[in-house]
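Numbered according to my numbering, the sequence shown spans residues 7 to 311.
The C-beta atom is built at its ideal place from N, Cα and C for all residues, glycine as well.
All values derive from a computational prediction rather than experimental measurement.
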Amino acid sequence: MGRDGGEVSRRENRAAFLFLSPWLIGFAVFTAWPLIYSGYLSLTDYDVINSASFVGFDNYVELFSDPKIALALTNTLLFTAVQVPLYIVVSLALALLLARAGRASGFFRTVFFLPKMTPPVAVGILFLLLFNGQSGLINTGLGWVGVDGPSWTTDPAWVKPGLIIMSLWTVGSSVLILLAALRGVPEELYEAARLDGAGHWRQFLSVTLPMISPAVFFIVIVNTIAGLQTFDEAYTAFFGAGNTTYGNDAALFYVIYLFQQAFQFLNMGYASAMAWVLFVVIMIITAIQAIVSRRLVHYEGGASR
């Protein structure tokens, strides 16, 4: 029996590896190898045309003296620091409304999620149409209430706020995640809170937020990583068509500058070093968020951990 059981176990293991092999091959070819190769390229001077020449850590040293690195990283961090909390607040507000929508919630779930299906390039073009300082729909609407709208696409002070507002176009997926979390909160917890005299606001703070905190934490992590890699919409709106307005520097995010170095200037080694620096920054920020979450995130069956 033991020998037969061992043979069955080996067959199951082989079958498991067989089913996993497409993913393992894809991971090795499209993720692991590019990651390793980019690490090598970051230590070289490589322009695609000529052979790579080893330069050690010169690319990393150059990063600290490149003023555009500081500009792009600052733009990216500011964008992410404002966009992620606002994204969470809007998503949660819409999820709370949907939770009270009753039978109509199915229709509104679809409506909220549809913009997520819009290609990012189309969103970038839509940004230019909506936020045009002279004829855009946003400024036209502000004009109806007597407000003189800013130059969203040319004034450096308003470029990032405009992009942040436009990013809220795609809150649909987060709304659905939070709605599912809200519906998973046990009703008896609200009943107990009401018996203790808690009002709606106290119930939200003491019951709703702790119970949905794992979902909120997940959305924070995912959107922080996405914010640090912002590219499509900003590039389409400000760089894709050769736009040279002075508002470009305000929209120069880190990944856009990395793209320029790699595919416009063909500085593949330098761009690879930039990619590794971004990877380290994302890992550090994610680790900090994970540490902070131990005090703030509540898991069923126990306190925050």
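In angstroms with no decimal places, state the Cα-to-Cα distance between histidine 304 and isoleucine 218.
8 Å
Proline 126 to alanine 240 span [Cα, whole Å]:
Distance between proline 126 and alanine 240, taken at the CA atoms: about 9 Å.
request  = State the beta-bridge partners of threonine 50 as determined by DSSP.
outcome  = Phe60
key: Contact under 8 Å by Cβ, valine 222 with glutamine 295   = no
Would you grab the beta carbon distance between serine 97 and serine 180 for me? Rounded to a whole angstrom, and I think it's under 8 Å. 4 Å
Rank Val151, Phe237 and Leu24 by C-alpha distance to the C-alpha of lysine 166 and give the top, closest one. Phe237
(request) Between the Cα of alanine 99 and those of Ser27, Leu188 and Thr230, spot the shortest distance and give me the residue it belongs to. (result) Leu188
| task | Please state whether DSSP places leucine 272 in a helix, a strand or coil. | result | coil
Check your understanding: Grouping DSSP H, G and I as helix and E and B as strand, with all else coil, what is glycine 190?
Key -> coil
Practice prompt. Would you mind working out which of Val129, Ala256, Gly108 and Phe210 sits nearest leucine 195, comparing C-alpha positions?
Written response: Phe210
Next item on the list: Mind the definition here: the region 263-274 touches the region 53-67 only if three or more C-beta pairs lie below 8 Å; say whether that holds.
Entry: yes
Checklist line | Cβ-based burial, asparagine 27 [other Cβ within 10 Å; buried from 16] | finding: The amino acid at residue 27 is misidentified as asparagine; the sequence shows serine. Classification of serine 27: exposed, given that the 10 Å Cβ count is below 16.
message = For a minimum of 4 consecutive residues, which ranges assigned as the alpha helix (DSSP H) are wholly contained in the region 170-218?
response = 178-189, 193-201 and 206-209
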